[in-house]
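Under this note's numbering, the first residue of the first sequence is numbered 1474, with each subsequent residue one higher. Data first, discussion second: the structure below is written as structure tokens.
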Amino acid sequence: MSGKVRVRFAPSPTGHLHVGGARTALFNWLFARNKGGTFILRIEDTDRERSTEESYRGIVDALRWLGLDWDEGPEVGGAWGPYFQSERRDGYRERAEMLTAGGKAYPCFCTAEELAERRQAMKSLGADPRYDRRCRDLEPGIVEELLSRGKPHVIRLKTSDEGVIEFTDIVHGKIAVPAEQIDDFIIVKSDGFPTYNFAAAVDDSRMEITHIIRGDDHLSNTPRQLLIYEALGARPPAFAHVPLIMGPDKARLSKRHGSTSIQQMRDEGYLPEAMVNYLALLGWSYDDSAQLFSMEELIEKFSLDRVSDKPAVFDYKKLRWMNGEYMKKRSVEDRVRLVMPHLEAAGLVKDPADGRMRDFVKRVVEVVGERLKMPQDIVELSDFFFRDEVEYDEKAAGKFLKRHYVGPAFRVLEDRLQTLHAYNEIGIEELMRGLAAEMGLKAGELIHPVRVALTGRAQSPGIFEVMALLGKEKVIERLARARRAYA
RNA sequence: GGCCCCAUGGUCUAGUGGUCAGGACACCGCUCUUUCAAGGCGGUAACGGGGGUUCGACUCCCCCUGGGGCCA
């Protein structure tokens, strides 16, 4: 392959950025970065009905959030622009006229009804319902007349029934389709707009795209696009069709399987680096063991020949695990920032948190430590730090607070904490262990009831850390309350 | 329906004619420990079926089955 690599990601702004689309974008981007090539963003907004500014914004934001920047495209420009198909219509019209003038395409005046009728007829004869090329050899005079009368028409590409259309896909290998399989398909619709295949092929050739990396769902479009390239007299790019992403039921991943848009995943607390890493591993692998890759490593190691050719099921559990791994790598400050909106939303922290509160949250985050897999986990993990009164989990309270020794033990503990000079983790631990020993209890037998009294739950971060952070006052108050309520 | 693609544990995958079929997530034990999480150790679990080719097939070929895609 000679020349500089040029790849593109070409979404339609008709919805959110789907995880499948995001992975396609990622593979293109990684390939470009690995090869020192150019990554182009092209917006395929020829469907004016469904394209929206909002979708466009959402897609662009999502790509940036993932860290996928483009060298040419909207907002950054480039020498091959414009990068919105809606602004490239003249180009499609010119190419279509060129092909028609050159005898490689022709206007077809058959109406949708006529076509449907003939298709039905062919079907009932047991034949494949394909266009019968009726308008292909119309007398030039008749064509002129119909055109001048303004009769609605489409433009079709002339195709041959002879031979096979063959190409080598980088991930699938040799692919061959019998030429007869493809009829004289439409390249320009009756409203003057290009069809998807035509617009894409024209743009890819004019933008000098060298490698088309896209979803498997476009595999069967490829022969048609190859035919367009040929008619245009352009050299076709290399193709790499990556397998689709499926839901657990092996059907194409869709909304009913869960969150499928990058925007949604972001709102749900997934970290971009986890998302990127997970997506990279869906359909690509480096070796027999590596799982965690930084963006730099991905760029360095990515290659198309290690892309799988089989569909992959999206596994939210593994993504969650990976998110936890990346959460651990984030600084405490980062985690505070991530966690804050959730504390606010839960009403545990009032909205613009002041400096004191931020400091406190920071210490909570430190105490919670690696238990945080998702930012929102903070609520369940630490609500007791923020509430005035704990809500007891009935099972936990029943199991630990009703023990006969709890009342007396708490009473002594309250007194000793009151006079404890070194009210810190170490001092508290010493005190607690000492007290347990004195009373002939195992440390756990004292600790568990204390945990329930302070947090309401049977599980929590380390109890000495919790006590230290909660503060002497609150700890004593909660111990007393639990004692009165249960013991 | 036609054409195209695909088939290793529940999931993501390594494997490119001779491996005890490896790793990761999930799951289950054990361990550490004040609980949970994390960590450490260990475990259950796979080559869809049938034909070939070959001394030998997960690996190559064909058929079937199953899944997916595109077009209709």
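Virtual Cβ for every residue (Gly too), placed ideally from N, Cα, C. In this text, all values refer to a predicted model and were calculated from it rather than measured experimentally.
Under DSSP, A1785 forms a beta bridge with I1718. In this chain, the beta strand (DSSP E) harbouring R1479 covers R1479 to F1482. For I1949, the CB contacts under 8 angstroms within the same chain, skipping 5 residues up- and downstream, are E1887, L1890 and Q1891 in chain order.
Cβ contact annotation for V1650 (same chain, cutoff 6 angstroms, sequence separation greater than five): I1638 and P1696, in chain order. Of the candidates A1713, I1718 and R1679, R1679 places its Cα closest to the Cα of I1701. Under a 10 Å Cβ-count criterion, S1767 is classified as exposed, with fewer than 16 other Cβ atoms of the shown protein chains found around its own Cβ. Note on T1641: under 16 other CB atoms within 10 angstroms of its CB, so exposed under the neighbour-count rule.
In the DSSP assignment, the residues bridged to F1512 are V1480.
Note on geometry: alpha-carbon atoms of A1724 and V1492 lie some 15 angstroms from one another. If you look at K1596, you'll find it isn't in any beta strand (DSSP E); it sits in the alpha helix (DSSP H) that goes A1585 to S1597. Residue A1594 holds the alpha-carbon nearest to the alpha-carbon of D1605 among A1594, E1612, Q1736 and L1620. H1815: member of the alpha helix (DSSP H) spanning V1805 to A1818, first to last residue. Of the residues assessed, A1578 falls on the buried side of the cut-off, its CB having 16 or more other CB atoms within 10 angstroms. Contact check for V1644 against V1478 fails: the beta carbons are separated by 7 angstroms or more.
Listed in chain order, the non-local C-beta contacts of M1830 below 7 angstroms within the same chain comprise V1822, local neighbours out to five positions each way being set aside.
As DSSP reads the structure, G1913 sits in no beta bridge. Counting along the chain, the unbroken beta strand (DSSP E) around V1650 starts and ends at G1646 to P1651. Between the segment 1714-1721 and the segment 1658-1677 there are fewer than three C-beta pairs closer than 8 angstroms, too few to call the two in contact. With respect to the 7 angstroms criterion, R1481 and I1772 are not classified as neighbours on the basis of their beta carbons. Around the beta carbon of E1938, a 10 Å sphere encloses 16 or more other beta carbons of the protein chains shown; the residue is thus reported as buried. Relative to G1665, the option among W1553, A1926, R1561 and R1860 whose CA is nearest is R1561. For F1557, the CB contacts under 6 angstroms within the same chain, skipping 5 residues up- and downstream, are I1516 and D1518 in chain order. Shown here, E1522 sits in coil according to DSSP, grouped into three states, outside any helix or strand.
Out of G1797, S1855 and L1699, the CA that lies nearest to the CA of G1742 is found in G1797. DSSP places T1695 in no beta strand (DSSP E) but in the uninterrupted alpha helix (DSSP H) bounded by T1695 to L1705. Collapsing the DSSP output to three states places E1545 in a strand.
Beta-bridge annotation (DSSP): G1688 is paired with V1715. Relative to A1955, the option among R1537, G1880, G1917 and C1608 whose CA is nearest is G1880.
Between Y1878 and the set Y1669, V1923 and L1611, the nearest pair of CA atoms involves V1923. I1659 has R1629 as its beta-bridge partners, per DSSP.
For N1694, the closest C-alpha among the options Y1759, R1708 and T1668 is that of T1668. DSSP lists no bridge partner for P1613.
Contact between the segment 1759-1766 and the segment 1492-1506 is absent: fewer than three C-beta pairs spanning the two stretches fall below 8 angstroms. In the DSSP annotation of this structure, A1578 is not part of any alpha helix (DSSP H); the continuous beta strand (DSSP E) holding it starts and ends at A1578 to C1581. If you ignore the 5 residues before and after T1733, its C-beta comes within less than 7 angstroms of the C-beta of H1491, V1492, L1726 and S1727, all in its own chain and listed in chain order. In the structure shown, the three-state DSSP call for G1550 is strand.
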